[in-house]
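Engineer: Numbering (this note's numbering), first residue to last: 55 to 421.
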């Protein structure tokens, strides 16, 4: 089993993309990160559209990009994009509107020198695999967003690549069709025996499609591993925000954690149900944070959980059937409450509140 192994160093203006990537055949790795973190640059480099400044890229064991050794030990290797066994599905799909769906898919083969009849035969079979054989003669402007995405996927796969690169495959789709399209994509990827690298900003894409995840921040990997491990133990605020949870950090002694962050010179402690020791991350679900009214001189609320902090409401934001309440003070934490609680407690910016969390609702793991 091979796939893609990449050691990538590429200058990106004031930032450098510098990472290691290993995606075996038959697996999907999702690359997530904020805008400007280097996600699309990574795909373009693997595809051969951007040359490495340092490192090496291998696809199924063959070197396709390696700059020359400055000491003269090795010569430069650069395989152009059309000679790499790579299927590319860009943002926006970029179908050629003067061609039918069939000819758009066949174009991927024609550009590699395959004869017209053979290319159209193979393209029709690939359209069948994505459920669009009946729309082979349709022009792109007549297709729905989901159908257009499947044509672009068929075009990327028809040449039987060793590696498939997907750049934000759901970004151009309406939210209403994304679940169905995501399911269709998962089904097609299950039958693809090459390696797949998926760039996305949506954690649902990663959860539904990927085996592993790589999180890029400012050109470097901040977290990587199996999807279940990364979601269970976020290690950066960006990952925690993606997952919709609170991430804190501190130093644990027994059942008590002294938080690292001191906002306004204040320190805060978090109490755990189980003992821990040393530097730890803490995860608290917003739904586990209760909010109670507080006057300026209130003592801790009677009968409250061991974790209770006097905080201020910073902001509120509706999210589905809940309202996310951002709280600040000796620590920053977000609570998920009902709209009626917002009204009853008058939870506007500047409101004094108690935030409480049961010790059993705090999950700690080593940093």
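Just so you know, even glycine gets a beta-carbon here, dropped at the ideal spot from N, CA and C.
Let's see if you can read the secondary structure: which residues bound the beta strand (DSSP E) around residue 355?
Structural biologist: By 1-based counting over the chain shown, the position of residue 355 is 301. First-last for residue 355: undefined, no H or E at that position.
Engineer: Measuring alpha carbon to alpha carbon, tell me which of 63, 86, 390, 409 ends up nearest residue 220.
Structural biologist: Within the chain shown, numbered from 1, the residue matching residue 220 stands at position 166. Among 63, 86, 390, 409, the Cα nearest to that of residue 220 belongs to 86.
Engineer: Around the C-beta of residue 398, are 16 or more other C-beta atoms found within 10 angstroms, so that it is buried, or is it exposed?
Structural biologist: Reading the chain shown from its first residue, position 344 is the one you call residue 398. The residue in question, residue 398, is exposed, as its Cβ has fewer than 16 Cβ neighbours within 10 Å.
Engineer: In the structure shown, what three-state DSSP assignment does residue 246 receive?
Structural biologist: Taking the chain shown and counting its residues from 1, one reaches residue 246 at position 192. If DSSP states are grouped into helix, strand and coil, residue 246 belongs with coil.
Engineer: Which of the three DSSP states is assigned to residue 180 in this structure?
Structural biologist: The count along the chain shown starts at 1 and reaches residue 180 at position 126. Residue state, collapsed to three classes: helix.
Engineer: Less than 8 Å between the CB atoms is what I'm expecting for residue 301 and residue 337, so what's the real figure, rounded?
Structural biologist: For the purposes of this step, residue 301 is taken as residue 247 along the chain shown, with counting starting at 1. For the purposes of this step, residue 337 is taken as residue 283 along the chain shown, with counting starting at 1. Yes, residue 301 and residue 337 are in contact; Cβ-Cβ is about 6 Å, under 8 Å.
Engineer: Given that a residue counts as buried once 16 or more other Cβ atoms are within 10 Å of its Cβ, and exposed if not, what is residue 105?
Structural biologist: Here residue 105 is taken as the residue at index 51 of the chain shown, counted from 1. Classification for residue 105: exposed.
Engineer: Using only the alpha-carbon positions, how far apart do residue 97 and residue 331 sit?
Structural biologist: As a working mapping, residue 97 is identified with position 43 in the chain shown. As a working mapping, residue 331 is identified with position 277 in the chain shown. Roughly 41 Å separates the two Cα atoms.
Engineer: When DSSP builds the beta bridges, which residues end up paired with residue 376?
Structural biologist: Walking along the chain shown from the start, residue 376 turns up at place 322. Beta-bridge pairing links residue 376 to 373.
Engineer: Excluding the 5 residues flanking residue 354 on each side, which residues of the same chain have their C-beta closer than 6 Å to its C-beta?
Structural biologist: As a position in the chain shown, residue 354 is number 300, starting the count at 1. These residues qualify, in order along the chain: 362.
Engineer: With DSSP as the reference, label residue 344 as helix, strand or coil.
Structural biologist: Within the chain shown, numbered from 1, the residue matching residue 344 stands at position 290. In this structure, residue 344 counts as strand in the three-state DSSP scheme.
Engineer: Per DSSP, residue 116 is paired with what?
Structural biologist: If you number the chain shown from 1, residue 116 lands on position 62. Residue 116 pairs with 113.
Engineer: When you compare each of 149, 79, 75 to residue 250 by their alpha carbons, which one comes out closest?
Structural biologist: Translated into the one-based positions of the chain shown, residue 250 becomes position 196. Of 149, 79, 75, the residue nearest in Cα terms is 79.
Engineer: Could you give the C-beta distance for residue 382 and residue 366, rounded to a whole number, given that I count them as a contact under 8 Å?
Structural biologist: In the chain shown, the residue the question calls residue 382 occupies position 328. In the chain shown, the residue the question calls residue 366 occupies position 312. The pair is a contact, with the Cβ atoms about 6 Å apart (cut-off 8 Å).
Engineer: If we ignore side chains and look at the alpha-carbon of each, how far apart do residue 389 and residue 71 end up?
Structural biologist: By one-based count along the chain shown, residue 389 stands at place 335. By one-based count along the chain shown, residue 71 stands at place 17. Spanning the two alpha carbons is a distance of roughly 35 Å.
Engineer: Go ahead and pull the three-state DSSP assignment for residue 141.
Structural biologist: Here residue 141 refers to the residue found at position 87 when the chain shown is read from its first residue. In this structure, residue 141 counts as strand in the three-state DSSP scheme.
Engineer: Output the residue ranges of the alpha helix (DSSP H) runs that lie fully inside the stretch 249-273 and measure 4 residues or longer, sorted by chain position.
Structural biologist: Runs of the alpha helix (DSSP H) inside the stretch 249-273: 257-263.
Engineer: Report the partner residues of residue 57 according to the DSSP bridge assignment.
Structural biologist: Taking the chain shown and counting its residues from 1, the one referred to as residue 57 is at position 3. Beta-bridge pairing links residue 57 to 78.
Engineer: Would you identify the three-state DSSP class for residue 69, choosing helix, strand or coil?
Structural biologist: Translated into the one-based positions of the chain shown, residue 69 becomes position 15. Looking at residue 69 - three-state DSSP - the assignment turns out to be strand.
Engineer: So, helix, strand or coil for residue 331, using DSSP?
Structural biologist: In the chain shown, residue 331 corresponds to position 277, counting from 1. Strand.
Engineer: Give a yes or no on contact between the stretch 113-120 and the stretch 186-204, applying the rule of three or more CB pairs nearer than 8 Å.
Structural biologist: Short answer: they don't touch.
Engineer: Leaving aside the five residues before and after residue 426 along the sequence, list all residues of the same chain whose C-beta is less than 6 Å from its C-beta, in chain order.
Structural biologist: The requested residue 426 does not occur in the structure, where the chain is confined to residues 55 to 421.
Engineer: Does the beta carbon of residue 233 sit closer than 8 Å to a beta carbon anywhere in chain C?
Structural biologist: Reference to chain C is not applicable here, since this structure consists of a single protein chain.
Engineer: Just mark residue 247 as buried or exposed, buried being the case when its beta carbon has 16 or more other beta carbons within 10 Å.
Structural biologist: Taking the chain shown and counting its residues from 1, the one referred to as residue 247 is at position 193. Its Cβ having fewer than 16 others within 10 Å, residue 247 is exposed.
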